[in-house]
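Student: In order, the protein sequences belong to chains R and P.
The numbers in this note's numbering rise by one with no breaks, and the one at position 53 of the first sequence is 231.
The numbers in this note's numbering rise by one with no breaks, and the one at position 46 of the second sequence is 81.
Glycine is no exception: its CB is placed at the ideal position from the N, C-alpha and C atoms.
None of these values were measured; they are calculated from a predicted model.
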Amino acid sequence: MQDHLLSWITFIPMIGMALILLVPKTSTGAVKTISLIATGIPLVLSTWLYFGLFDKASAEYQLEEKFEWIAALGVNYHVGVDGLSLALVFLTTLLLFIAVPASFGIQKSQKAYYALLLLLEVGILGVFVSLDYFLFYVFWEIMLLPMYFLIGIWGGPRREYAAIKFFLYTLAGSVLMLVALVALRLDSGTFSIPGMVALAQQGQLTGESLPGGGSLLGMQFTTWVFWFLFIGFAIKVPVFPFHTWLPDAHVQAPTPISVILAGILLKLGGYGMLRACFPIVPDAFNHFAYALGVLGVISIVYGAYVALGQTDFKRMVAYSSVSHMGYVLLGMAALTTWGMSGAALQMFNHGTSSAVLFLVVGVIYDRAHHRDLNGFGGLSQVMPRYWALTTLGFFAALGLPGLAGFISEAMTLVGAYDAPDPRFKVLVLISVLGIVITAAFLLWAMQRVFLGTLNEKYKNYGDINAREIFCQAPLLFLCVILGILPHYLLDWMGPSVEKLVGLLKMGAGG
Amino acid sequence: MDAYLTQMASIAPELVLTGLAMLVLVWDLVTKGRNSNQIAYLTLVGLAVVGYMLLGQWQELGAEGSHTVFAMVTIDRFGTFFKLFTVGSLAAVVLFVLSDRREKKNHIGEYYFLLLGAAIGIFFMVSTSNLLLMMLGLELLSLASYSLAGFHKGDRRSAEAAMKYVVFGGLSAGIMLYGISLLYGLTGSIDLIEMGTADGSAWPLGLVTQFQTSPVPVAVAVVLVLAGFAYKVSVVPFHWWTPDVYEGAPTPVTTFLAVASKAAGFAVLIRFTGALFMAEGMQASVAEYGHRIGLMLALLSAVTMTIGNLAALRQASLKRMLAYSSVAHAGYVLMGLAAMSTGGFSAALFYLAAYYFMNLGAFGFLLFFEGVTGSEKIETLRGLGWKAPLIGITMVAFLVSLTGLPPTVGFYGKLRLFYEVIDADLMWLAVVAGLNSVISLFYYFRVARELFLRENESARDVKPQPLFTGFLVVLGVATVYFGLQTGALESWSRDSAASLELAESLESAQR
Chain R
179 MQDHLLSWIT FIPMIGMALI LLVPKTSTGA VKTISLIATG IPLVLSTWLY
229 FGLFDKASAE YQLEEKFEWI AALGVNYHVG VDGLSLALVF LTTLLLFIAV
279 PASFGIQKSQ KAYYALLLLL EVGILGVFVS LDYFLFYVFW EIMLLPMYFL
329 IGIWGGPRRE YAAIKFFLYT LAGSVLMLVA LVALRLDSGT FSIPGMVALA
379 QQGQLTGESL PGGGSLLGMQ FTTWVFWFLF IGFAIKVPVF PFHTWLPDAH
429 VQAPTPISVI LAGILLKLGG YGMLRACFPI VPDAFNHFAY ALGVLGVISI
479 VYGAYVALGQ TDFKRMVAYS SVSHMGYVLL GMAALTTWGM SGAALQMFNH
529 GTSSAVLFLV VGVIYDRAHH RDLNGFGGLS QVMPRYWALT TLGFFAALGL
579 PGLAGFISEA MTLVGAYDAP DPRFKVLVLI SVLGIVITAA FLLWAMQRVF
629 LGTLNEKYKN YGDINAREIF CQAPLLFLCV ILGILPHYLL DWMGPSVEKL
679 VGLLKMGAGG
Chain P
36 MDAYLTQMAS IAPELVLTGL AMLVLVWDLV TKGRNSNQIA YLTLVGLAVV
86 GYMLLGQWQE LGAEGSHTVF AMVTIDRFGT FFKLFTVGSL AAVVLFVLSD
136 RREKKNHIGE YYFLLLGAAI GIFFMVSTSN LLLMMLGLEL LSLASYSLAG
186 FHKGDRRSAE AAMKYVVFGG LSAGIMLYGI SLLYGLTGSI DLIEMGTADG
236 SAWPLGLVTQ FQTSPVPVAV AVVLVLAGFA YKVSVVPFHW WTPDVYEGAP
286 TPVTTFLAVA SKAAGFAVLI RFTGALFMAE GMQASVAEYG HRIGLMLALL
336 SAVTMTIGNL AALRQASLKR MLAYSSVAHA GYVLMGLAAM STGGFSAALF
386 YLAAYYFMNL GAFGFLLFFE GVTGSEKIET LRGLGWKAPL IGITMVAFLV
436 SLTGLPPTVG FYGKLRLFYE VIDADLMWLA VVAGLNSVIS LFYYFRVARE
486 LFLRENESAR DVKPQPLFTG FLVVLGVATV YFGLQTGALE SWSRDSAASL
536 ELAESLESAQ R
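1. Asp-461 (chain R) lies in the alpha helix (DSSP H); which residues open and close that run?
2. Could you say if the stretch 283–294 of chain R and the stretch 308–318 of chain R meet the contact criterion of at least three C-beta pairs nearer than 8 angstroms?
3. Taking Cβ positions only, does Tyr-39 (chain P) come closer than 8 angstroms to chain R?
4. Please report whether the beta-carbon of Met-192 (chain R) lies at a distance below 8 angstroms from any beta-carbon of chain P.
5. Please go through the stretch 531–605 of chain R and give each complete alpha helix (DSSP H) segment of 4 or more residues, from N-terminal end onward.
6. Under 8 angstroms, Cβ to Cβ, is there at least one residue of chain R near Val-368 (chain P)?
7. From Leu-40 (chain P) to Val-368 (chain P), what distance separates their C-alpha atoms?
8. Going by the DSSP bridge assignment, what does Leu-537 (chain P) pair with across the sheet?
9. Express the C-alpha separation of Tyr-478 (chain P) and Asn-633 (chain R) in angstroms, rounding to a whole number.
10. Does His-326 (chain P) get closer than 8 angstroms to chain R when you measure Cβ to Cβ?
11. Where does Thr-401 (chain R) fall in DSSP's three states?
12. Any residues in the stretch 460–475 of chain P with a beta carbon nearer than 7 angstroms to a beta carbon of chain R? Which ones, in chain order?
13. Do you know offhand how far Ala-235 (chain R)'s Cα is from Ile-474 (chain P)'s?
14. Enumerate, from N- to C-terminal direction, the unbroken beta strand (DSSP E) stretches of 3 or more residues contained entirely within the stretch 200–277 of chain P.
15. Pick helix, strand or coil for Gly-381 (chain R), following the three-state DSSP scheme.
16. Should Lys-414 (chain R) and Leu-439 (chain R) be called a contact, given that it needs their Cβ atoms to be closer than 8 angstroms?
17. Nearest CA to the CA of Pro-275 (chain R): which residue from R:Leu-241, R:Ile-215, R:Met-589?
18. Looking at the C-beta of Phe-477 (chain P), does it have a partner C-beta in chain R at a distance below 8 angstroms?
19. Please classify Val-105 (chain P) as buried or exposed, where buried requires at least 16 neighbouring CB atoms within 10 angstroms.
20. Would you call Ile-187 (chain R) buried or exposed, if buried means 16 or more other Cβ atoms sit within 10 Å of its Cβ?
21. Can you list, in chain order, the residues of its chain with a C-beta nearer than 7 angstroms to that of Arg-493 (chain R)? Leave out the 5 residues immediately preceding and following it.
22. Taking only three categories from DSSP, how would you classify Phe-369 (chain R)?
23. On a CA-only basis, which of R:Leu-364, R:Asp-233, R:Leu-241 is nearest Ala-459 (chain P)? Give me that one, please.
24. List, in order along the chain, the chain R residues whose C-beta lies closer than 8 angstroms to that of Asp-458 (chain P)?
25. Less than 8 angstroms between CB atoms is the rule here; does Tyr-454 (chain P) satisfy it with respect to chain R?
26. What are the complete alpha helix (DSSP H) segments, minimum 4 residues, inside the stretch 153–184 of chain P?
27. Does the distance from the CB of Phe-406 (chain R) to the CB of Met-451 (chain R) come in under 8 angstroms?
28. Just to confirm my understanding: we take Gly-204 (chain P), look at its own chain, exclude 5 residues before and 5 after, and list those with CB closer than 7 angstroms. What are they?
29. Would you call the CB atoms of Gly-156 (chain P) and Ala-208 (chain P) closer than 8 angstroms?
30. Do you know offhand how far Phe-536 (chain R)'s Cα is from Val-303 (chain P)'s?
31. Helix or strand or just coil, what does DSSP make of Thr-286 (chain P)?
32. Any beta-carbon of chain R closer than 8 angstroms to the one on Gly-241 (chain P)?
33. If the criterion is Cβ atoms closer than 8 angstroms, does the pair Thr-515 (chain R) and Leu-576 (chain R) meet it?
34. Can you pull out the residues from the stretch 311–323 of chain R whose beta carbon lies closer than 9 angstroms to at least one beta carbon of chain P?
35. Straight-line CA distance for Thr-66 (chain P) to Leu-450 (chain P)?
36. Tell me where the beta strand (DSSP E) around Phe-131 (chain P) begins and ends.
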């Protein structure tokens, strides 16, 4: 088991999927039980991995598995984790496990729903553990299909539009990635991600062995490869101006799928940049770092500003994700240890806090069947426990000191202020505006929904129930505990982050 | 005499196939067409025998062996690859005819005869470098296809399809023959290998010499011949017949045209460009022209896939959509040719093999649902995925593969093509092809949308066809399996391309 732990974690949900397909359509109880078990075991295993097996002092890939897959192109099945991916593997298994009970309200074609959910988990986990670019890409694309159907079948009124938009945007990004990937393979002779990074460190991955020097339409090899990869990941993050699929997908998706989308799928973009874009073309990254920082700041401020104008609760939360993921890009672009750690931490923390926010929206939507922020009022009187949990979630999201979001945002900004490029100081100053606006829209939403006079229509609402609390509690716990004891993540990520920063800086010739 | 018999042994599969065609015709005559299903089974058995013989031939040939019999027929793995491909698609088409709920069960014996006739044509056209035999094979295929397209004599659309096909086909055959006669006049040979390798000291003259002395007529001749082939594989701007013929012809015939006939067209296209521009040792002297041809093919490829995909976007009929999609796929396969390298050719072969599984599957799905709904309109599929989940999910696998997403064989095929064009300094073509798959996603997934995303309480129950469904599921499983385990198809395509014994690439002599 221990030898193939990562494979087990990745593929146990697939076994669950196969079992679900064998169960008759009518026995929905069995389907739910299988889903709980098939997401529960990976959670247990990844927890064991996190606290037991993983050597947090090492920056190397651990628990590697490698064997030949496609000989003709030199593709290997190669998986492994370092501090960066480990945290996200844990987050994935946790959120997927939460997504199952959060889906119990769904009545339509449950068998297909849970089967697709489990397939989605396989794709996500596969991306996080892959160390072979081909394998990475395969998992990356495998995610799209279940997501398309999950949004498209179980989503809201405009689900078809949202589903295909999500699919088209992501695919547009990933075909660019594929072209860059094939070019990299031709130049480097390997699909191995660590192998490509090593070559890049020696300054060899510059397209010189390709015909025509590997240039495309007059662009240098490293330049276009960088942008192709970056855009592929940026669409997923999503970075302004590639974010327009996100509000549609979020709003139309059913609550548990929004949770997964915001909690994990967006992280894939950020993770992809760290793992499979920046260190492979470090020179181009250094060259364009400031541009990325600018994009990050635009996302922060613009996302928050648009969120301020939303009347749909879920749409507001969706735009807040754009804003929060902007910190990730800003922190990475700063190219300092603090910035990079902050970015990695922010990815995890946004994973928990945005998941809570979407669960919060789900709770109220299940009761009122609408999400109009102006249509509520005074709910704190009838749903006090719900109000308390929501408040905690909101504060975590707006970065209140003592909660997780504060640490990561502060680290990001400090790291960015410290950046070797002095222009980043200006960016930090502007992005502070984002923090203010975020606080504004969250508090304003809180005021409109929970305070004021109670809307008569809602006076009979029951408070949040045990199942809903069960879904939110572990995430809120993480928001609190990581706000006080962030080293429970930082110690694990630290060595990998420092190694990464070293790689990127060396690439700059510094 | 002995030598003659040995030579006959090399074309044994062709002989058996011809015998089978005769037998089918006579059997139909004797039984007065009373039980055409019997004939279908007879055809299947015959095809199995031919397939077995071809596999034996494949083994016997070895990696790079090829020999010529009767000074005309080249026996190599490249040809055998396409013959196996043809036998495989023909068997599927026969199954389609058997499962076609809208087809008569009697008095259709000549259906099978015509299909076998077309296959004989393909067998000869893919295994020769002699332009005369190539032309004859092509014409045999075409004549059989014309009649097949108009097989439903009472159906106006079918008649229209046949008529269009004849007119366009006749025109393109004329153009091609003109090109061939020019080539013959310029070189004094009708054999491609001779044209590609002769050094020019005496007749027959090689193309190398002719390019130096009179490049314009040679270029005109080459382009005219290419135009004829381009018509067969429906490359833009020679694709106009495709949607109408595909739509009007009976669905099994459409399948045959889209899969077997198209592959055969690519076989001659590859043999032609390969023999003329990439003959081992000569490629450097004609490299300048080779590059131009490659660039021309690259442009055709980009235009073909883009126009095919854009036109497919707006189709309401699934059959017409698949017709345009087959145009787009011709564009993808052309990428491999545009690379002008043995690796590129093998990538094209791999993609054709991938295309076999996913396109047969998609057409099989079309046939299945025509039998259920009596219509080709995509919107009539509404909600049917929930009524027939197995076949619906299988179709999604085909759609995923046609779009080119992992983990399917279509993805790996596209990856191979990208690899080869980037290696041939055609990076932009890979980008164009990538963006094209994004466009294609939109229309392919309209089918998935109707099947699963939309509900239809009144959807009629789907009458099961267990055998046919089983066949489609096998194709679906193969589509995914070969996407994960590419080894077999990979070595088949590489061996086939290697048996052409061409230069690795246009520059390989200088490297």
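Tutor: On the basis of the data shown:
1. 460–486
2. With contact defined as three or more Cβ pairs closer than 8 angstroms, the stretch 283–294 of chain R and the stretch 308–318 of chain R are not in contact.
3. no
4. no
5. 557–560, 562–576, 582–595, all fully within the stretch 531–605 of chain R.
6. no
7. 38 angstroms
8. P:Ala-314
9. Looking at the two C-alpha atoms, the distance is approximately 46 angstroms.
10. no
11. In this structure, Thr-401 (chain R) counts as helix in the three-state DSSP scheme.
12. Asp-460, Met-462, Trp-463, Ala-465, Val-466, Gly-469, Leu-470, Ser-472, Val-473
13. 47 angstroms
14. none
15. coil
16. Going by C-beta atoms, Lys-414 (chain R) is not nearer than 8 angstroms to Leu-439 (chain R).
17. The question names Pro, yet the displayed sequence has Phe at residue 275 (chain R). Comparing Cα positions, the closest option is R:Ile-215.
18. yes
19. Checking the sequence, you will find Phe at residue 105 (chain P) rather than Val. Exposed, since its Cβ has fewer than 16 Cβ neighbours within 10 Å.
20. With 16 or more other Cβ atoms within 10 Å, it is buried.
21. Pro-425, Val-429
22. coil
23. Closest by alpha carbon: R:Leu-364.
24. Result: Leu-364, Leu-388, Pro-389.
25. yes
26. 166–184
27. no
28. Ser-177, Tyr-181
29. Not closer than 8 angstroms, so no.
30. 59 angstroms
31. Note: Thr-286 (chain P) maps to helix in three-state DSSP.
32. no
33. no
34. Phe-312, Tyr-315, Val-316, Phe-317, Trp-318, Glu-319, Ile-320, Leu-322, Leu-323
35. 51 angstroms
36. Where Phe-131 (chain P) is concerned, there is no enclosing beta strand (DSSP E), although the alpha helix (DSSP H) it sits in stretches over 112–134.
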